[in-house]
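Reviewing the structure listed below.
Protein chains: 4
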Amino acid sequence: MLVVMKQSATPDEIERVCVWIREKGYTAQPMPGAQRTAIGLVGNDGRVDGSALEDMPGVAEIIYVSNPYKQVSREWRKENSIVTIAPGVSFGAGPVPVIAGPCSVESEAQIVASAHAVRAAGAVALRGGAFKPRSSPYSFQGLGRTGLEMLALAKRETGLAIVTEAMDDAGAELVAEYADCIQIGARNMQNYSLLKTVGKLGKPVLLKRGMAATITDLLLSAEYLLAEGNGQVILCERGLRSFDTQSRNLFDLTAIPVVQQLSHLPIVADPSHGTGRRDKVLPMARAAVAAGADGLIIEVHPQPEKAMSDGAQSQTPDQFASTMVELRKVAEAVGRMIAGPAK
Amino acid sequence: MLVVMKQSATPDEIERVCVWIREKGYTAQPMPGAQRTAIGLVGNDGRVDGSALEDMPGVAEIIYVSNPYKQVSREWRKENSIVTIAPGVSFGAGPVPVIAGPCSVESEAQIVASAHAVRAAGAVALRGGAFKPRSSPYSFQGLGRTGLEMLALAKRETGLAIVTEAMDDAGAELVAEYADCIQIGARNMQNYSLLKTVGKLGKPVLLKRGMAATITDLLLSAEYLLAEGNGQVILCERGLRSFDTQSRNLFDLTAIPVVQQLSHLPIVADPSHGTGRRDKVLPMARAAVAAGADGLIIEVHPQPEKAMSDGAQSQTPDQFASTMVELRKVAEAVGRMIAGPAK
Amino acid sequence: MLVVMKQSATPDEIERVCVWIREKGYTAQPMPGAQRTAIGLVGNDGRVDGSALEDMPGVAEIIYVSNPYKQVSREWRKENSIVTIAPGVSFGAGPVPVIAGPCSVESEAQIVASAHAVRAAGAVALRGGAFKPRSSPYSFQGLGRTGLEMLALAKRETGLAIVTEAMDDAGAELVAEYADCIQIGARNMQNYSLLKTVGKLGKPVLLKRGMAATITDLLLSAEYLLAEGNGQVILCERGLRSFDTQSRNLFDLTAIPVVQQLSHLPIVADPSHGTGRRDKVLPMARAAVAAGADGLIIEVHPQPEKAMSDGAQSQTPDQFASTMVELRKVAEAVGRMIAGPAK
Amino acid sequence: MLVVMKQSATPDEIERVCVWIREKGYTAQPMPGAQRTAIGLVGNDGRVDGSALEDMPGVAEIIYVSNPYKQVSREWRKENSIVTIAPGVSFGAGPVPVIAGPCSVESEAQIVASAHAVRAAGAVALRGGAFKPRSSPYSFQGLGRTGLEMLALAKRETGLAIVTEAMDDAGAELVAEYADCIQIGARNMQNYSLLKTVGKLGKPVLLKRGMAATITDLLLSAEYLLAEGNGQVILCERGLRSFDTQSRNLFDLTAIPVVQQLSHLPIVADPSHGTGRRDKVLPMARAAVAAGADGLIIEVHPQPEKAMSDGAQSQTPDQFASTMVELRKVAEAVGRMIAGPAK
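So the sequences go chain by chain: A, B, C and D.
13 is the number of the first residue of the first sequence in our numbering; add one for each residue after it.
13 is the number of the first residue of the second sequence in our numbering; add one for each residue after it.
13 is the number of the first residue of the third sequence in our numbering; add one for each residue after it.
13 is the number of the first residue of the fourth sequence in our numbering; add one for each residue after it.
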């Protein structure tokens with residue numbers, strides 16, 4: 013930690029900061045500059061919370077030198093973490109798995125048809141929400157346990173791994189019975205109670221970036237899971253809130269190489285939420301693979317125009333099949349491959 | 013709902029949209045323009061979800077004419093809602109109550125001292141977190157039930173109403189036993205499970221705006237509470253995420269008159285989180301009152317430099333006492349008054 | 013400047029940074045920490061550009077300790093600058109001047125009527141654009157020199173000082189012949205050629221904050237003017253681009269006390285552009301005065317529904333007169349007064 | 013245009029809006045809904061400015077159905093525009109040209125070495141600023157005409173086309189003498205005087221998106237150029253301002269397919285400014301090609317650690333050569349090719 017003093021700071025004010033640092037058991041190392049003095053805090057084991065210093069007289073700014081997260085960082089673990097959610101379905105190992113399926117589980121027929129379609133095209137996991145976080149209380153909220161049972165049926169029929177969202181503590185335990193990977197949605201990225209609960213369940217987790225979360229925030233939320241002993245965490249970029257309404261979100265693909273540099277955890281991309289428009293999914297899925305994504309999650313619905321949610325961003329099975337063909341080419345061009353049996 | 017067609021849309025494409033509308037049981041009213049045709053959906057009782065139309069051939073855009081929320085709107089209820097959290101402590105009734113206290117409950121001595129100090133200055137409710145949502149799992153997470161008991165003690169000693177945060181379903185029930193008003197934090201504004209649980213508890217709620225939430229999002233989250241039968245909802249503006257690091261958040265005071273126009277619910281302002289810097293609390297608290305806020309929530313700590321969280325934005329008791337003196341003048345200048353006995 | 017090294021940085025990598033610093037003629041002061049080493053650059057007179065270091069092996073981050081601006085800073089000049097644009101019309105001196113008038117000069121009748129109306133209500137300067145930056149080339153672009161002559165007429169009739177915008181070098185010289193204060197609009201805040209030209213003209217300048225400009229950016233743009241020898245600079249907060257469409261911009265009133273802390277230059281607020289809606293101008297003008305603004309600039313049009321631009325955010329003369337009455341009360345409540353003869 | 017009335021709007025208020033519309037010479041078509049009445053404005057040839065209606069009694073919102081731009085739109089011209097800046101260097105024709113070179117022209121040796129290096133790797137145009145928009149007046153401002161002459165020399169030596177920035181009217185005419193394509197920088201995207209001047213010069217233009225510009229804003233700025241008769245316009249995505257400091261900007265690659273749908277103009281991507289970090293340029297350049305970019309502009313410096321500006325985001329010649337090899341693979345994978353002779 014570095015305490016930057018104002019140009020007008022008096023020797024007394026500088027000394028008072030040094031005293032505060034020493035009282036906490038650290039060493040204070042003043043560093044006078046032409047314009048300002050900066051005081052280093054040396055000897056700390058982890059990050060020290062210096063917010064109390066921020067408004068002390070003469071203090072201009074507190075600058076943190078260490079990262080606030082630990083176990084998720086590349087410095088903690090150099091090699092990539094490989095997260096395996098089902099036999100043969102691994103993220104971070106090299107090949108790029110694709111998770112696909114509808115926004116919501118709507119009926120047995122719909123989810124089974126979706127599962128067959130996405131499996132035929134090469135997806136290795138099925139997405140589909142049984143618990144849906146909707147901004148309006150009057151929108152369809154998901155089928156709950158019934159939806160989970162439909163997912164289980166789809167899994168039995170196709171062998172696909174299941175990725176589905178949990179929204180609260182009770183729901184998380186239920187979801188854990190059925191899912192191979194528990195999704196934590198963007199709106200719950202900083203729902204720390206849920207993170208702790210899910211961290212203890214020991215199932216792989218897909219953690220989506222919040223719509224105004226910095227990458228540091230995302231990594232700190234993942235740290236909650238690792239701090240509970242669960243290292244099976246897949247991060248997900250799904251777009252940020254933006255001032256431009258041309259797309260639903262602002263898809264931040266640079267987050268992929270940034271996360272890969274800072275953390276050993278795999279990161280997947282969601283071009284469906286990232287763009288919000290079906291016809292933008294193909295170009296942005298290609299871009300995500302080219303940027304180095306460790307996986308993709310794509311919305312596919314047998315009849316998007318009848319979807320109960322997210323119809324506008326869901327691909328048809330045919331569109332998804334073409335997308336997969338295209339993604340294989342891009343993956344190869346960047347020295348990777350799409351996971352799963354060649355189609 | 014209005015479906016705007018592309019300039020290149022064919023008569024067939026226009027007809028297909030009309031068919032979709034009629035199949036849902038509504039009337040389609042095409043409106044040909046010089047450049048484009050727009051098709052009105054007439055006969056709906058509430059908002060129709062048209063996202064499935066968005067990518068139909070020839071469709072350029074879907075425009076919603078009705079609001080997505082109902083019970084929170086001014087059109088639903090013309091007069092201001094008055095939310096009374098304790099005898100004599102009402103929001104929306106005219107006088108402006110001030111809630112004050114530390115970020116976290118840290119000890120019996122600290123919270124009781126805080127309570128006496130803020131009461132002496134004129135606050136009518138005490139804030140202080142027993143459950144703390146912290147971005148790092150290694151930061152102080154609050155004292156939990158012990159903290160709630162300390163708040164109860166502070167209430168017995170001073171008579172102040174208690175406002176404190178709940179972070180999950182189990183916690184909400186516990187908080188409801190001690191608090192006069194349950195706070196839902198910015199990070200949980202779209203934690204819909206928590207909203208439903210808290211909506212059912214029947215206690216007054218202080219709902220903070222999420223850091224990238226539109227005002228529509230905020231009103232929809234409030235709608236979750238009203239849809240559960242709980243109309244005792246106070247909204248709170250506490251600053252948005254911004255690209256400028258000069259202040260912790262971007263305090264959106266315009267939200268106050270905007271919410272007051274769209275909704276009958278009271279809205280309070282939090283200049284402590286809104287700015288993140290102690291020396292900015294006074295000017296922005298004044299500005300909030302001048303903008304018409306129905307209440308304020310201000311962080312005060314007996315010794316900010318020793319605070320376990322948010323020290324930099326906490327006022328000292330002396331600063332808070334001066335702030336209250338100043339706020340009374342501004343309230344009077346805009347034809348209002350600060351709630352509570354004159355000091 | 014502080015160079016933060018990665019945890020994995022080798023002694024060689026640390027040494028290479030020290031060499032770079034020494035080659036530039038400064039002293040390198042390494043500061044080993046538990047997790048990372050940070051290297052201070054000592055001995056610099058002003059800000060050193062360290063961007064070339066950012067991607068050297070082992071470097072994690074570059075942190076600047078000094079401000080990038082000089083003459084605009086409080087550290088350069090402790091007392092407030094007072095900017096006088098016409099006899100008796102001063103910003104930063106204590107009393108709060110109000111500039112008012114239409115978005116554009118549309119006709120002699122319109123601008124003269126506007127001038128009389130705003131003067132009667134207590135404004136001390138007249139705004140009105142003769143050169144209009146419009147996002148569409150097909151929108152009304154202003155009357156140019158003819159408009160400036162109409163402003164001159166309005167000045168002769170009412171004695172009001174004139175504030176009007178310049179958009180390019182040629183226009184700036186023309187504007188300087190007629191105006192008492194040259195406005196540089198938000199879209200041109202980083203038009204450095206224009207800043208240099210206007211800086212040389214020696215007229216007072218009203219510099220509006222760009223719609224995604226940090227406060228540091230704003231101060232750096234002002235520094236361009238001071239660097240040309242022109243210290244007569246008034247800053248202006250007029251709202252930032254936001255994701256919420258409920259208001260035209262996100263009015264950042266916290267910028268007022270932040271700028272006042274960092275700089276000696278006066279800062280005024282524009283609640284018309286800040287909100288974009290006529291009925292939000294009164295509450296946010298009050299809030300701006302309460303936050304400590306050194307002046308206000310408000311759009312007023314004799315017939316807003318016939319305005320050629322910005323009709324929705326222009327007050328009528330009657331609304332403006334009431335606003336002025338209200339602002340006097342708020343100014344008094346915060347220990348200030350609205351500039352000009354009592355009405 | 014559609015005027016949405018409030019639920020509480022009276023028949024009189026509705027009629028008043030209809031009268032306003034008829035007085036302007038259009039037809040008013042009221043469309044009563046269950047909750048609200050909407051009034052269509054029919055018979056307009058282009059976009060009507062309805063801002064004056066926004067605050068009429070009973071009016072809730074104005075919704076525009078037509079685009080505000082014309083000649084840049086796909087509806088105006090269906091086929092892609094092909095912009096040829098020099099013989100064999102075309103954007104929008106299929107193959108993807110790469111523009112490369114240093115941020116600034118620093119010396120004859122530096123620019124000539126850069127030109128040889130980027131040409132050897134396969135670039136077909138050279139970038140390099142002689143006029144530099146810098147946020148601080150104390151930063152290096154470019155070599156001006158001397159820099160342009162150095163660019164001319166580099167062109168004679170390598171045959172590369174020249175792309176370089178103009179910042180003002182006088183500079184634009186000078187730049188036009190030397191450059192094959194005039195760049196308008198992000199900070200000047202809404203400098204309408206410059207757009208008009210450059211539009212009249214008749215040279216191809218590279219127009220960069222402003223850091224908080226919507227895609228509609230970008231297209232409107234391009235419309236300024238087309239309205240002056242210059243259709244040789246290349247758009248450029250270079251990243252938006254963001255709240256996350258992990259990258260310099262938020263690179264909005266979705267803008268590429270969005271622009272390509274709305275407009276016939278080619279759009280290139282700038283991964284150097286888009287990310288701000290050298291090691292992120294390769295993945296994001298790959299992603300841009302995969303997303304369908306019609307060209308790339310990449311910063312390359314012979315010795316980035318000695319660069320006078322943007323050192324941290326400049327690739328070395330070796331890195332750029334590898335990047336080009338990788339980009340060829342990705343281009344092929346999406347059915348395109350990098351422009352220029354195979355290397």
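Where a beta carbon is used, it is the ideal one built from N, C-alpha and C, also for glycine.
Within-8 Å CB hit, residue i to chain B
i	result
serine 326 (chain C)	no
alanine 354 (chain D)	Since pLDDT at alanine 354 (chain D) reaches only 48, below the 50 mark, its modelled position is unreliable, and the value read off the structure follows with that caveat. Not one chain B Cβ lies under 8 Å of alanine 354 (chain D).
serine 334 (chain C)	no
glycine 70 (chain D)	no
Residue closest to residue i, alpha-carbon to alpha-carbon, out of the options
i	options	result
glycine 251 (chain A)	A:Ser205, A:Gly197, A:Asn242	A:Gly197
isoleucine 227 (chain C)	B:Gln244, B:Met223, B:Leu247, B:Ser259	B:Ser259
serine 78 (chain B)	B:Asp61, B:Met68, B:Glu91	B:Asp61
leucine 265 (chain C)	C:Ala121, C:Cys248, C:Ser126	C:Cys248
leucine 155 (chain D)	D:Gly183, D:Thr22, D:Gly134, D:Val130	D:Gly183
Contact list for residue i against chain B, beta-carbon separation under 8 Å
i	result
methionine 223 (chain A)	Ala224
lysine 292 (chain C)	Thr266, Pro269, Val270
Residues of its chain near residue i, where Cβ-Cβ distance is below 6 Å and the 5 sequence neighbours each way are ignored
i	result
isoleucine 123 (chain B)	Val117, Gly140, Met162, Ala166
arginine 89 (chain B)	His276
Interface flag, residue i vs chain C, CB-CB below 8 Å
i	result
glutamate 344 (chain B)	yes
leucine 160 (chain A)	no
methionine 13 (chain B)	no
arginine 289 (chain D)	yes
glutamine 41 (chain A)	yes
is_contact[residue i, chain A] using C-beta, thresh 8 Å
i	result
methionine 349 (chain D)	no
methionine 201 (chain C)	no
Chain-ordered neighbours of residue i on chain B, where CB pairs are closer than 7 Å
i	result
tyrosine 236 (chain A)	Pro149
glutamine 273 (chain D)	Within chain B, no residue comes near glutamine 273 (chain D); the closest Cβ sits about 10 Å away, beyond 7 Å.
Any non-hydrogen atom of the ligand PLP within 7 Å of residue i CB
i	result
serine 20 (chain B)	Among the ligands in the structure shown, none appear at all, so the ligand PLP cannot be discussed.
Beta-carbon neighbours of residue i, restricted to chain C and to distances below 8 Å
i	result
valine 301 (chain B)	Ala302
leucine 232 (chain D)	Ser147, Ser148, Pro149
8 Å Cβ cutoff, residue i in contact with chain D
i	result
glycine 323 (chain C)	yes
isoleucine 310 (chain A)	no
leucine 186 (chain C)	no
Amino acids of chain B, ordered along the chain, whose beta-carbon sits closer than 9 Å to that of residue i
i	result
serine 20 (chain D)	Arg86, Glu87, Lys90
alanine 121 (chain A)	Within chain B, no residue comes near alanine 121 (chain A); the closest Cβ sits about 18 Å away, beyond 9 Å.
Neighbour list for residue i in chain C, Cβ cutoff strictly below 9 Å
i	result
alanine 319 (chain D)	Ser63, Ala64
serine 254 (chain A)	Phe255
Close Cβ partners of residue i (< 7 Å) along its chain, the five nearest in sequence each way excluded
i	result
lysine 292 (chain D)	Ser259
Under 7 Å from the C-beta of residue i: neighbouring residues of chain C
i	result
lysine 341 (chain B)	Ala345
Same chain, Cβ closer than 8 Å to residue i, five either side skipped, listed in chain order
i	result
glutamine 83 (chain D)	Arg89, Glu235, Leu238, Ala239, Gly243
Where residue i meets chain A, residues with beta-carbon distance less than 7 Å
i	result
alanine 239 (chain B)	Pro149
Evaluate the contact criterion for the stretch 144 to 163 of chain D versus the stretch 229 to 249 of chain C: three or more CB pairs, one atom per stretch, below 8 Å.
yes
Say whether the stretch 101 to 113 of chain A touches the stretch 302 to 321 of chain A, bearing in mind that this needs 3 or more beta-carbon pairs closer than 8 Å, one atom from each stretch.
yes
Quick check: the stretch 307 to 323 of chain B against the stretch 313 to 321 of chain C, are there 3 or more CB pairs under 8 Å?
no
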